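Asks:
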Amino acid sequence: MGRLLAGRILQGLAVVWVVATLTFALLHSAPGDPFSYQSGRRIDPEIRAHWRYVYCLDRPLSAQYVCYVRSIASGDLGYSISKQRPVRDVLIDYVPRTLELMFLGLCASFLIGITLGVLQARHRGTVVDWGSRGVSLLFYSMPDFWLALMMALVFAYWIPLFPISGIEDVVAAPTYGWWQHAGDHLRHLVLPVATLALMTTAAIARFQRAAMLDAIGLDFVVTARAKGVSEGAIVRHHVLRNALLPVITLAGVTLPSLLGGAVLVELIFSWPGMGYLTAMAVESRDYAIVTSSVLITSVLVVVGTIAADLLYALADPRVRAQ
Amino acid sequence: MRISHTIPAIVLLVVSACGGEGHSGGAARSSALVITSPADADNLIPALTTNVTASQVGSLLFEKLVEPGDSLNTIGDAGFRPSLADSWSWSPDSLSIAFHLDPRAHWHDGVPLRAADVLYSYRVNISKDVGSPIGPLLAGIDSVTARDSLTPVFWFHARSPEQFFNAGSQLRVIPAHLLQAVPDSALKNSPFGRKPVGSGPYRFVRWVSGSTIELDADSTFHRGRPKLDRLIWSIAASPDAAMLRLYSGEANFIEYLRPQDVVQIAKHPELKAVKYPNLQVFYMTFNERGYGGHGTHAIFGDRDVRRALTMAVDRQRVVSTVLDSSARVALGPISSVISTYDSTLPRLPFSPDSARAILDRRGWVTGAEGVRHKGAAPLRFTILVPSTSTVRQQAAVLMQDMYKQIGARVDIERVDFPTMGARESAHEFDAAIDGMALDPSPASIRQEWSSAAANAEGTSNAGHYASRQFDALIDSAASQMDPTRARGYYRRAYTTIIEDAPAVWLYEGSAWAGMNVGVRPAPMRPDAWFAHLADWTIGTGVVAAESASDTVARAQ
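Going down the list, the protein sequences come from chains A and B.
The opening residue of the first sequence carries number 496 in the numbering used here; numbering runs sequentially from there.
The opening residue of the second sequence carries number 891 in the numbering used here; numbering runs sequentially from there.
Here it is, written out as structure tokens:
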């Protein structure tokens, strides 16, 4: 187990380093820099030159890379030019919002996906099976941005059940007590979380259905049925427990796609999280923000994958034994 | 905790928040203008601000000594309105101006605003360690002294027509008592930049990163309490999300409507589109240098060819097709709201026949497939357009067809703004459709189109237009104290640049703002629509911006 963990951590560090370096190289190979387009005010060329000097952007790329690696190694994520703040402070504001969205999105998608998978397996070949598979596949095949826009249009504009965007009710928020704040915040979470969940639920449901169908045919299930155990108890205590194992692996794989989807969802719902921040930073060529966001995202994905591996190992003695 | 208990608890929480009772009451019913804005602010210290949202917020928090009048005159002191200074006096030789501060002016923490604050603000703005974008605009000022605690005096190197504008209207005053202990190099990281104390009509309330900036009316403001109780900037980067906010009533103002939004908004009786002038001019600039800035461009290095390519474009058709009535054809590099604008300026006519004749005369003969060439060089070029601007892309497509009629083959390349800026700075383009928000000062055209600007990054003159005649006329105009003679020089300079055709002058701005019908805006100044926000009102009985919970309650 210890060797497994150490191996995964080493692999993870290598992946993070490669991702960080590639991001740095790709970002700097794109034309422009943080000062080539400043909206709102004409910037005197001398001031631009001064800023480029201050932020080391007038140095060769190799020197900038050395600066970047050195600052990352010392725990300094750099300075955001578009936000005029240290990147660490910016991320402290934005990252928790994405984590909140991701965590709830992940929970919702697994809750719905596993439930649907179980239902589909139990009612294999029936209307419930075909219908739920069709509907979840429909959401899965929709473009992310379109699904998000439709959710906003339908459930916030045509049927105004939820707020259209943002993290709070900007007009009423200052008068709220803490519980009203919490309720308001939850209400603002519903549509982005539901969109994220819908985007991934179909894959989880299909995976769960297949795993359930595999487990249903195994000997211990047949034995249980022969012993007169009720169908519900068989599914809960025997089939589901075994069929959940492969789905644990899916959690690690789902994380990157959820993070990718979060960029669009955050943009459409004006949810100021890391995806939203990164998209804005790419437009303004805010190198420090983009590289740090990608770095954190890759760390999250690596940690998620390692966690899934460990969970799998904990759940399955055969993996531990290897 | 069992799931069966948790879920109802969450549902209860959501439902209670959805309930329309009470919680949003006072806040929603006070007159709150909720502005949906595309970007978060960067820093609210005016000397450090580089983005639009921060400029808007800063203008309500921090004051200038004087404000330009609605005529936007920048020459002398005619038309300027008192702001922090309630009067001013010139020295007999016009080399200094003393501003007399309103003794009632004070910071929102109660400390009186005094000449020391003006001196400090000037020092910060010219500090190399701060690197303020405003610094270069103050170059004509030699020093600032305090005659007494209420009278800062600006001393100038030399007389100039716009010295009053530069001293009184470029600088926003910030509080010395809160900031002077902060080293200039550390100012950008000062907590003040995110939690400022101003002296303007609105006081800072809160800033939620990436989400909201809120200001409240200051009832002790020295020129009287503003009419709107609250101003809230609500950030929505996606234009579609911003429009949905407006339609749903979560926001009641958006400063810029796309052409398609103007059409859509007419279908919403609770909303209106309001047209207002701005200082933007859009044009297709020709790169007169070779690719990468070396030598001369094979097509655009020739003045006659540039004139022919200008005459080939039916600009009226481009504008009416793409922008309908929301813009008009630009006469030249200045907007019609600039004080030296002259509607009788000559213009190159739309005349494809003349264009063809000029091209024939300059040796561009029609070859295979109808494309002209001169020697081995085809009359073929690429127009660079920003990928986010559908208007400019549509204009490029129309021009592509018009150029085809005279034997020029045009390709269109869509790139993002930073790429466009970088390519133009490196002269790695043929032609590009640009837009420039001008300064109200007519002399600012020197920063944009002079020979000196041709080598500078971020100016309008990416195409490297260089004319000694134009430079001399603008220099003469900018130093001329007599307004009539100055206008004469400006007219001659504008005529020169129009005749030289460094760009096809396409259209000049008006913008459409979208708002709730109850919002009654004061005149929207072309250089800053928000200049008179303190005088805006919201009609009685009209809830400015509904809290989201009210929207839900209304639906139920």
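Virtual Cβ for every residue (Gly too), placed ideally from N, Cα, C.
Since the structure is predicted, the reported quantities are computational estimates derived from the model, not experimental observations.
(1) Less than 8 angstroms between CB atoms is the rule here; does Asp804 of chain A satisfy it with respect to chain B?
(2) Given that Tyr1173 of chain B touches chain A, what residues does it touch there, using C-beta distances under 8 angstroms?
(3) Evaluate contact between the stretch 1003-1020 of chain B and the stretch 1333-1345 of chain B, counting only Cβ atoms and requiring at least three cross-stretch pairs below 8 angstroms.
(4) Using three-state DSSP, classify Asp714 of chain A as helix, strand or coil.
(5) Take Val758 of chain A and list the residues in its own chain whose beta-carbon comes closer than 8 angstroms to its own, dropping the five residues that flank it on each side.
(6) Would you mind working out which of B:Asp1007, B:Ile1189 and B:Lys1157 sits nearest Gly1253 of chain B, comparing C-alpha positions?
(7) Which chain A residues sit within Cβ distance under 9 angstroms of Ile1122 of chain B?
(8) Which residues in the same chain have their Cβ closer than 6 angstroms to the Cβ of Ala1391 of chain B, if we skip the five residues on either side of it in sequence?
(9) With 8 angstroms set as the bound, which would you pick, yes or no: does the beta-carbon of Gly1025 of chain B sit closer than that to a beta-carbon of chain A?
(10) Please identify, using Cβ separations under 7 angstroms, the residues of the stretch 1123-1151 of chain B that lie next to chain A, in order along the chain.
(11) Taking only runs that begin and end inside the stretch 1007-1080 of chain B, name each unbroken alpha helix (DSSP H) of 4 or more residues, in chain order.
(12) So, is the C-beta of Asn963 of chain B closer than 8 angstroms to a C-beta in chain A?
(13) Can you pull the chain A neighbours of Asn933 of chain B, defined as C-beta to C-beta under 9 angstroms?
(14) Would you decide whether Leu500 of chain A is buried or exposed? Buried here means 16 or more other CB atoms lie within 10 Å of its CB.
(15) Since Leu839 of chain A and Thr690 of chain A should fall inside the 8 angstroms C-beta cutoff, what is the C-beta to C-beta distance between them, to a whole number of angstroms?
(16) By Cβ distance, which residues of its chain are closer than 8 angstroms to Ile1303 of chain B, with the 5 residues on each side in sequence left out?
(17) Within this structure, are the beta carbons of Ala1127 of chain B and Pro1308 of chain B separated by less than 8 angstroms?
(18) Residues of the stretch 545-561 of chain A in Cβ contact with chain B at a cutoff of 9 angstroms, in chain order, please.
(19) If you measure from the beta carbon of Pro655 of chain A to each beta carbon in chain B, is any gap under 8 angstroms?
(20) Are the beta-carbon atoms belonging to Tyr1173 of chain B and Ala1343 of chain B less than 8 angstroms from one another?
(21) Can you pull out the residues from the stretch 1291-1310 of chain B whose beta carbon lies closer than 7 angstroms to at least one beta carbon of chain A?
(22) Does DSSP put His683 of chain A in a helix, a strand or coil?
(23) According to DSSP, His996 of chain B sits in a beta bridge with which residue or residues?
(24) For the candidate residues B:His1158, B:Pro1129 and B:Ala1286, whose alpha-carbon lies nearest to that of His1203 of chain B?
(25) For Gly527 of chain A, return the contacting residues in chain B, with the cut-off set at a CB-CB distance below 7 angstroms.
(26) Would you mind giving the Cβ-Cβ distance between Phe519 of chain A and Thr786 of chain A, rounded to the nearest angstrom? I have them listed as a contact below 8 angstroms.
(27) Can you list the residues of chain A that Thr1102 of chain B reaches, using a CB-CB cut of under 9 angstroms?
(28) Under 8 angstroms Cβ-Cβ, which residues of chain B neighbour Glu778 of chain A?
(29) Against Ala922 of chain B, what residues of chain A qualify as contacts under a CB-to-CB distance less than 9 angstroms, listed in chain order?
(30) For Ser1210 of chain B and chain A, any beta-carbon pair shorter than 8 angstroms?
(31) Enumerate in chain order the residues of its own chain whose CB-to-CB distance from His1187 of chain B is below 8 angstroms, with the five nearest sequence positions on each side excluded.
(32) Work out the CA separation of Phe764 of chain A and Asp1301 of chain B for me, nearest whole Å.
(33) Might you give, ordered along the chain, the residues of its own chain that have their beta carbon closer than 8 angstroms to the beta carbon of Gly1297 of chain B, omitting 5 neighbours on each side?
(34) Rounded to the nearest angstrom, what separates Met1310 of chain B and His1317 of chain B at their Cα positions?
(35) Can you name the start and end residues of the beta strand (DSSP E) that Asp1324 of chain B belongs to?
(36) Do the stretch 1115-1131 of chain B and the stretch 1035-1048 of chain B meet, that is, are 3 or more Cβ pairs less than 8 angstroms apart?
Replies: Inspection of the coordinates gives the following:
(1) False, the Cβ-Cβ gap to chain B never drops below 8 angstroms.
(2) Residues of chain A passing the Cβ test: none, with the nearest at roughly 16 angstroms.
(3) Not touching, per the Cβ criterion.
(4) Correct three-state label for Asp714 of chain A: helix.
(5) The residues are Gly770, Tyr771, Thr773 and Ala774.
(6) Out of B:Asp1007, B:Ile1189 and B:Lys1157, B:Ile1189 has the C-alpha closest to the C-alpha of Gly1253 of chain B.
(7) Simply Val665 and Val666.
(8) Only Arg1196, Arg1197 and Thr1200 meet the Cβ criterion.
(9) Gly1025 of chain B has a beta carbon lying within less than 8 angstroms of a beta carbon in chain A.
(10) Against chain A - using a Cβ distance shorter than 7 angstroms - the residues of the stretch 1123-1151 of chain B are Ser1124, Ile1125, Ala1126, Ala1127, Ser1128, Asp1130, Ala1131, Leu1134, Arg1135, Tyr1137, Ser1138 and Glu1140.
(11) Qualifying alpha helix (DSSP H) stretches, in chain order: 1053-1059 and 1066-1069.
(12) When Cβ-Cβ separations below 8 angstroms define contact, Asn963 of chain B makes no contact with chain A.
(13) Neighbours of Asn933 of chain B on chain A, chain order: Lys578, Gln579 and Arg580.
(14) Classification for Leu500 of chain A: exposed.
(15) Given a span of 496 to 817 for chain A in the structure shown, any question on residue 839 of chain A remains unanswerable.
(16) In the sequence as presented, Ile is not what sits at residue 1303 of chain B; that position holds Glu. Here the set comprises Thr1272, Ile1273, Leu1274 and Val1275.
(17) Cβ distance not < 8 angstroms, so Ala1127 of chain B and Pro1308 of chain B don't count as in contact.
(18) Correct list: His545, Trp546 and Val549.
(19) Yes, because at least one Cβ of chain B sits closer than 8 angstroms to the Cβ of Pro655 of chain A.
(20) Contact annotation: Tyr1173 of chain B and Ala1343 of chain B have beta-carbon atoms that are not nearer than 8 angstroms.
(21) Answer set for the stretch 1291-1310 of chain B: Asp1306, Phe1307, Pro1308 and Thr1309.
(22) In the structure shown, His683 of chain A falls within a helical segment according to DSSP collapsed to helix, strand and coil.
(23) Looking at the DSSP output, His996 of chain B sits in a beta bridge with B:Pro1002.
(24) The sequence shown places Val at residue 1203 of chain B, not His. B:Ala1286 is the residue among B:His1158, B:Pro1129 and B:Ala1286 whose C-alpha sits nearest the C-alpha of Val1203 of chain B.
(25) Within chain B, the residues near Gly527 of chain A are Pro1308, Thr1309, Gly1311 and Ala1312.
(26) Right, their Cβ atoms sit about 6 angstroms apart.
(27) What Thr1102 of chain B touches in chain A: Gly661, Ile662, Glu663, Val665 and Ala668.
(28) One finds Asp1306, Phe1307 and Pro1308 in chain B with Cβ atoms closer than 8 angstroms to the Cβ of Glu778 of chain A, taken in chain order.
(29) The contacting residues are Val665 and Val666.
(30) Not an interface residue.
(31) Same-chain partners within the cutoff: Phe1176, Asn1177, Glu1178, Arg1179, Gly1180, Tyr1181 and Asp1320.
(32) Each residue's Cα considered, the two are about 36 angstroms apart.
(33) Cβ neighbours of Gly1297 of chain B beyond the five flanking positions: Arg1246, Leu1249, Trp1254, Thr1256, Gly1260, Val1261, Arg1262 and Leu1269.
(34) Rounded to the nearest whole angstrom, the CA to CA distance from Met1310 of chain B to His1317 of chain B is 10 angstroms.
(35) In the DSSP assignment, Asp1324 of chain B falls within the unbroken beta strand (DSSP E) covering Ala1321 to Ala1327.
(36) Result no; under three Cβ-Cβ pairs closer than 8 angstroms.
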